[in-house]
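Enquirer: Using numbering that gives the first Met the number 0, the first residue of the sequence shown is number 0, and each one after it goes up by one.
Where a beta carbon is used, it is the ideal one built from N, C-alpha and C, also for glycine.
Remember, predicted model here, so these are calculated numbers, not experimental data.
Encoded as C-alpha cells, here's the structure I'll be asking about.
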Amino acid sequence: MRGAGRTGLAGAAALLGMAAMAPPAAAAEAGGAMTSLAWGLPFAGLLLSIALLPLLAPKLWHPHFGKIAFAWTALFLVPYAGVFGLGAAGDELAHVMLGEYLPFIALLLALFTTGGGVLLRGHLVGTPVVNTTILAVGTLLASVMGTTGASMLLIRPMLRANAGRRHRMHSFVFFIFLVSNIGGVLTPLGDPPLYLGFLQGVSFFWPTQHLFGEFLFCALLLLGVYFVIDSLAYAKEKRAEVEAGAEAAEHAEHAEAPPGERLAISGWVNVALLGAVLAVVLMQGLWQPGVISLAGQSIGVERLVAMLLLLAITFASIHWTPKALRHENDFSWDAMQEVAKLFAGIFLTMAPVLAMLKAGTAGPLGGLVALTSDAAGRPVPWVYFWLTGALSSFLDNAPTYLVFFNLAGGDAARLMAEGAPVLAAISAGAVFMGANSYIGNAPNFMVKAIVEAQGVRMPSFFGYCGWALVFLVPSFALATLIFFV
C-alpha cells in the first residue's frame, strides 16, 4: 500500500504541474466532449472491484486495494490525456482534487479524528431497548455533528454493548442506515449534499422545516423494524443459552453495571473540537471573501482557509488526546486510510459520469434526464427523488445532489419557494439513498471497516445492497407515496 501511495502522489504531482500550464477551460471543453458511455468503464470497474474482490480474491484485495484503485484511475486519466491532451488531464485532476476531494477528505479527517477521541465510558448491555436507543440518539445527533461525527462517536459504544451478542450484523447495518445517512437530513451540517446546497444559497433551516416529516417517517419506521428484528434475535439467543445450560454465563456476560460504573464521557477536548469543526463548516457559508487561482483552478479563499483550519483541528486532537484514551476506544487509522484511497479513485473516475449527467438531454444519459419533467415540461418530484437517490447510491451523493440541483434550475430562492417539492425530493434522495450501498456515503465504509476490525462479520458489497433492497427501498417507496406524489 505504501508503494501505491508513493506512485499515486508522484502521478498527482506531475499532473498538477501540467494543470498549472493548462488553459482554465480545458477540462470543461473535454468534459463536454465525453459523449461515449465508455468513459464510465473505469468507474464501473472500480465499483465492481470494491464489490467482488473482497469476496473472490481477499488476499489480493486487502493488501493492494490502494493499488487497484490507482490502476482504475489511471485507466481513466491516461486515455483522457491521450484524447484531450496532458494539460486537460492535469486540469481535470486539479479540478477534482482541489475543488472536491481535498475539501471532502479534510472535513472527514477532522470528524473522524475528533469523534474517535470521545469515549463513552460505562457498562452498556446490548438489549433491544439499549440498541434502539443508541440508534435513535445517533440519528438525532447526525444532523448536529454530521453523519461522520455521529458515526465515529457511537459506533464503538455500539460494538462494546453488543460484544456478548451472537447476532450482531443487523445492528451495524441499521446503524449505517440511520446514523450514517438518514439522520443527517435536517441541517447542512448533517450531510455533504445539504452543505453544498447551503453554499448555493439554501437557508440553513430550510431542510429542518421542509424535510422533518420525511425524516420522522423513515427514522421511526426503520427504528421500529430494527427493534422487532433485534428483539427476535435477542430472544433466540436467550433460549439457546438456557437450552445449553448457560444461565450463569449469560448472567455474567449481561450483568448490570456496578453501582459506581455510570455512563460518562471522556475526551471533552474533542467535544469542543467537534464544535470547532461545525463552526468551520458554517464559516464557509457566511464568509466568502473571494477566489484565488491555484493550479489553474479558481478556489474560494474560504475553502482553503477551511481546509487549513480542519487540518489544525485534526493535529490538535491528535496532540491533546491521551494515547491511552484512543487505545481504550479501539481507535485505528485503518478505516480512514481505506476511505481516503478508495474515494480518491471514486471521485476521479466518476467525473465523466457526472459530466454526462450535466450534459442534460443532449448527453448520453439524456434518456434519464428527460424523465425529470412531464409532457408539459413541469418537474416531477418523485422522479427527482428516485433518480437523485439511485445515482447517490453509487456515485458520491454530494456532487450528484449538485447536478440535480442545477438541473432543476439552480436558483436557490426559487427552489426554496415554488420549487420546494423538487428541492425536498433532491435533498431527501441524496441523503437517504446514500445508505443503499457502502460507497453511497463515506461513513458507510468507515463503519464497515471499524466493525470488521473488531472481528464482527459484515455483509459483502452485494449482500449489503440486499439488506437495503429489503428494508430501505420499501421505506422509500412509502415515503414517495406520502410526500412526493
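With a 10 Å radius around its C-beta and 16 neighbouring C-beta atoms as the bar for buried, classify K322 as buried or exposed.
Expert: It is exposed - the Cβ of K322 has fewer than 16 other Cβ atoms within 10 Å.
Enquirer: For G299, which beta-bridge partners are listed by DSSP?
Expert: DSSP, once it has assigned bridges, lists V290 as partnering G299.
Enquirer: Taking DSSP's pairing of strands, which residues face P156 in a bridge?
Expert: DSSP lists no partner for P156.
Enquirer: Have a look at V300 and V178 and give me their C-alpha separation to the nearest angstrom.
Expert: If you take the alpha carbons of V300 and V178, they lie about 32 angstroms apart.
Enquirer: Would you call the CB atoms of A315 and L272 closer than 8 angstroms?
Expert: Cβ distance < 8 angstroms, so A315 and L272 count as in contact.
Enquirer: Judging by CA-CA distance, which residue of G125, A424, V382 and Y437 is the nearest neighbour of G465?
Expert: Of the listed residues, the one whose Cα sits closest to G465 is Y437.
Enquirer: Quick one: Cα of Q199 to Cα of A162, how far?
Expert: So the alpha carbons of these two residues sit roughly 44 angstroms apart.
Enquirer: Can you find the residues in the same chain that come closer than 6 angstroms, C-beta to C-beta, to Y79, ignoring five residues on each side of it along the sequence?
Expert: Around Y79: A88.
Enquirer: Let's test the definition: count the other Cβ atoms within 10 Å of the Cβ of H61 and tell me whether it reaches 16, buried, or not, exposed.
Expert: So H61 ends up on the exposed side.
Enquirer: Alpha carbon to alpha carbon, what distance is there between V241 and A427?
Expert: Approximately 45 angstroms, taken between the alpha carbons.
Enquirer: Quick one: grab the DSSP three-state call for R164.
Expert: R164: coil per DSSP, three-state reduction.
Enquirer: So, using beta-carbon positions, are V402 and K357 closer together than 8 angstroms?
Expert: For V402 and K357, yes; Cβs fall inside 8 angstroms.
Enquirer: Quick check on R120: does DSSP put it in helix, strand or coil?
Expert: In this structure, R120 counts as strand in the three-state DSSP scheme.
Enquirer: Does the Cβ-Cβ distance between V338 and L107 come in under 8 angstroms?
Expert: Against a cut-off of 8 angstroms, the Cβ pair of L107 and V338 comes out as a contact.
Enquirer: Taking 8 angstroms as the cut-off, decide whether the C-beta atoms of S391 and L220 are in contact.
Expert: Taking 8 angstroms as the Cβ cut-off, S391 and L220 do not qualify as a contacting pair.
Enquirer: Suppose only complete runs of 4+ residues qualify. What are the alpha helix (DSSP H) ranges in the stretch 390-434, listed by chain order?
Expert: Runs of the alpha helix (DSSP H) inside the stretch 390-434: 396-406, 411-415 and 419-431.
Enquirer: Run the CB neighbour count on F204, radius 10 Å, all protein chains shown included, and call it buried at 16 or more, exposed below.
Expert: Exposed, by the Cβ-count rule.
Enquirer: How far does the alpha helix (DSSP H) with I264 in it extend, from its first residue to its last?
Expert: Element bounds for I264: not the alpha helix (DSSP H) but the beta strand (DSSP E), A263 to S265.
Enquirer: Would you mind working out which of L74, L46, Y194 and L97 sits nearest L294, comparing C-alpha positions?
Expert: Sequence inspection shows Ala at residue 294; the Leu mentioned does not correspond to that position. Of the listed residues, the one whose Cα sits closest to A294 is L97.
Enquirer: Short of 6 angstroms in beta carbon distance, which residues of its chain neighbour G116, apart from the five on each side in sequence? Order them along the chain.
Expert: The residues are G266, N269, S316 and T320.
Enquirer: Within 7 angstroms: the Cβ of L219 and any heavy atom of the ligand ZN?
Expert: Among the ligands in the structure shown, none appear at all, so the ligand ZN cannot be discussed.
Enquirer: Tell me the DSSP bridge mates of P378?
Expert: P378 is bridged to S372.
Enquirer: For A256, does the count of other Cβ atoms within 10 angstroms reach 16, so buried, or fall short, so exposed?
Expert: For A256, the predicted model reports a pLDDT of 43, less than 50, meaning its position is unreliable; a value from the coordinates is still stated below. The residue in question, A256, is exposed, as its Cβ has fewer than 16 Cβ neighbours within 10 Å.
Enquirer: Kindly indicate which three-state DSSP category N328 falls into: helix, strand or coil?
Expert: Here N328 sits in coil by DSSP.
Enquirer: Please classify L364: does DSSP put it in a helix, a strand, or coil?
Expert: Looking at L364 - three-state DSSP - the assignment turns out to be coil, as it is neither helix nor strand.
Enquirer: Any contact of the stretch 109-129 with the stretch 362-372, i.e. 3+ C-beta pairs under 8 angstroms?
Expert: The answer is no - the stretch 362-372 does not touch the stretch 109-129, with fewer than three Cβ pairs under 8 angstroms.
Enquirer: Determine the direct distance from the alpha carbon of S202 to that of A375, and round the result to whole angstroms.
Expert: Rounded to whole angstroms, A375 to S202 spans 30 angstroms at the Cα level.
Enquirer: How many Å lie between V143 and E417 at the Cα?
Expert: Between V143 and E417, the C-alpha separation is close to 28 angstroms.
Enquirer: On the three-state DSSP scale, how would you describe A135?
Expert: In this structure, A135 counts as helix in the three-state DSSP scheme.
Enquirer: Is it right to say L36 is buried, meaning 16 or more other beta carbons lie within 10 angstroms of its own, or is it exposed?
Expert: So L36 counts as exposed.
Enquirer: Would you give the residue range spanned by the alpha helix (DSSP H) that D190 belongs to?
Expert: Element bounds for D190: n/a, residue is neither H nor E.
Enquirer: Since P442 contacts S150 with CB under 8 angstroms, what's their CB separation in whole angstroms?
Expert: Indeed, because the Cβ distance is near 4 angstroms, the residues count as touching under 8 angstroms.
Enquirer: In the DSSP assignment, find the unbroken alpha helix (DSSP H) run with R456 in it and report its ends.
Expert: It is not in any alpha helix (DSSP H) - R456 carries neither H nor E in the DSSP assignment.
Enquirer: Please state if the CB of N130 and the CB of F431 are separated by a distance shorter than 8 angstroms.
Expert: Cβ atoms of F431 and N130: not closer than 8 angstroms.
Enquirer: Where do the N-terminal and C-terminal ends of the alpha helix (DSSP H) with I181 fall, by residue?
Expert: Per DSSP, I181 belongs to no alpha helix (DSSP H) and is neither H nor E.
Enquirer: Would you call the CB atoms of A423 and H209 closer than 8 angstroms?
Expert: Yes, the Cβ-Cβ distance between A423 and H209 is below 8 angstroms.
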